[in-house]
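Beneath this line is the structure, given in structure tokens, with notes to follow.
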Amino acid sequence: MSQNIYDNPTFFAGYATLPRSVKGLDGAPEWPALRALLPDLHDKRILDLGCGYGWFCRYAQQQGAREVLGLDVSEKMLAQAATMTQGTGIHYQRADLESLQLNESYDLAYSSLALHYLSNIDALFATVFEALTPGGALVFSCEHPIYTAPTQQQWIVDEQQQRSWPVNHYQQEGERISNWFADGVKKQHRKLATWINALIGAGFEIVHLDEWGPSEEMVALNPALAEERDRPMMFLLAARKPL
Numbered sequence: 000m001s002q003n004i005y006d007n008p009t010f011f012a013g014y015a016t017l018p019r020s021v022k023g024l025d026g027a028p029e030w031p032a033l034r035a036l037l038p039d040l041h042d043k044r045i046l047d048l049g050c051g052y053g054w055f056c057r058y059a060q061q062q063g064a065r066e067v068l069g070l071d072v073s074e075k076m077l078a079q080a081a082t083m084t085q086g087t088g089i090h091y092q093r094a095d096l097e098s099l100q101l102n103e104s105y106d107l108a109y110s111s112l113a114l115h116y117l118s119n120i121d122a123l124f125a126t127v128f129e130a131l132t133p134g135g136a137l138v139f140s141c142e143h144p145i146y147t148a149p150t151q152q153q154w155i156v157d158e159q160q161q162r163s164w165p166v167n168h169y170q171q172e173g174e175r176i177s178n179w180f181a182d183g184v185k186k187q188h189r190k191l192a193t194w195i196n197a198l199i200g201a202g203f204e205i206v207h208l209d210e211w212g213p214s215e216e217m218v219a220l221n222p223a224l225a226e227e228r229d230r231p232m233m234f235l236l237a238a239r240k241p242l
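Using numbering that gives the first Met the number 0, the letters of the sequence shown correspond one by one to residues 0 to 242.
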């Protein structure tokens with residue numbers, strides 16, 4: 000079973016303070032770029048892998064989605080999502096993405112910053128591919144391999160106060176441990192080639208890849224984003240099941 004760090008009270012309390020937790024999609028600086036990769040959601044069946052608070056589920060509902068299923072391994076996340084959701088058409092379900100089985104078909108599978116927690120990404124991509132309708136889309140964001148590669152994820156600052164991100168152990172894929180809101184948070188490092196080849200191996204066509212970074216305008220509005228221009232923290236990817 001996947002590590003369920005989000006049910007750790009200390010981690011959950013810390014995560015709740017993030018802008019993307021407080022403001023939802025508008026608090027995620029990469030959201031406009033990720034949104035641009037989405038197909039029309041009207042009358043579509045949507046699957047959200049690692050739905051968290053359910054922000055994207057509710058966005059899809061507002062865009063006229065026919066049905067939305069939000070999956071998460073965390074009971075705390077699902078409980079929070081349920082309290083924030085009104086109306087019909089959205090269902091939340093506890094599921095471990097490592098061993099996911101799907102019995103319905105979907106037009107879009109979406110995931111935001113969740114898949115880098117999984118050790119068996121090949122099985123998930125195969126499961127999602129089978130569940131998508133012909134022409135269906137997979138759109139997701141993940142921590143970038145440049146960000147996940149080092150065993151200690153932190154900036155190095157030299158005597159001139161120039162910061163550098165250490166890219167070491169890049170070829171050594173596997174588990175990385177970080178102390179983010181709680182000690183012992185487990186994530187998986189994969190080369191970018193591994194991500195791409197896993198999708199191709201499952202049968203997907205790659206539509207778009209974005210090694211995301213903020214624009215100058217975004218940094219002007221939020222100077223804290225400046226460091227994200229020095230290395231990609233995440234990548235955004237859109238893939239499609241052939242017709």
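Where is the CB? At the ideal position from N, CA and C, for every residue including glycine.
For Phe11, the uninterrupted alpha helix (DSSP H) run begins and ends at 8-14, by DSSP. Residue state for Pro231 is assigned as coil, using DSSP reduced to three classes. Residue pairing by DSSP places Cys141 opposite Phe234 in a beta bridge. With a minimum length of 3 residues, the unbroken runs of beta strand (DSSP E) contained wholly in the region 10-89 fall at 44-48, 66-71. Assignment of beta strand (DSSP E) within the region 90-167, counting only whole runs of 3 or more residues, yields 105-111, 131-142 in chain order.
In the displayed model, Leu208 falls within a strand according to three-state DSSP. Under the DSSP assignment, Gly200 falls in the alpha helix (DSSP H) whose first and last residues are 191-201.
The residue from Glu174, Tyr52, Ala238, Ala136 with its alpha-carbon nearest to that of Ser104 is Ala136. Residue environment for Glu158: exposed (fewer than 16 other C-beta atoms within 10 angstroms of its C-beta). Cβ-Cβ distances below 8 angstroms link Thr147 to His115, Arg175, Lys186, Gln187, His188, Arg189 in the same chain, with the five nearest sequence neighbours on each side left out; the list follows chain order.
If the five residues before and after Gly86 are omitted, its C-beta is found closer than 8 angstroms to the C-beta atoms of Gln60, all from its own chain and listed in chain order.
Linking Gly88 to Ser73 through their CA atoms gives a straight-line distance of about 21 angstroms.
In the DSSP assignment, the residues bridged to Ile176 are Lys185. Between the C-alpha atoms of Ser111 and Ile45 there is a straight-line separation of about 14 angstroms. For Glu216, the enclosing alpha helix (DSSP H) stretches over residues 215-220. When the beta-carbon positions are compared, Glu210 and Ala238 stay at least 8 angstroms from each other.
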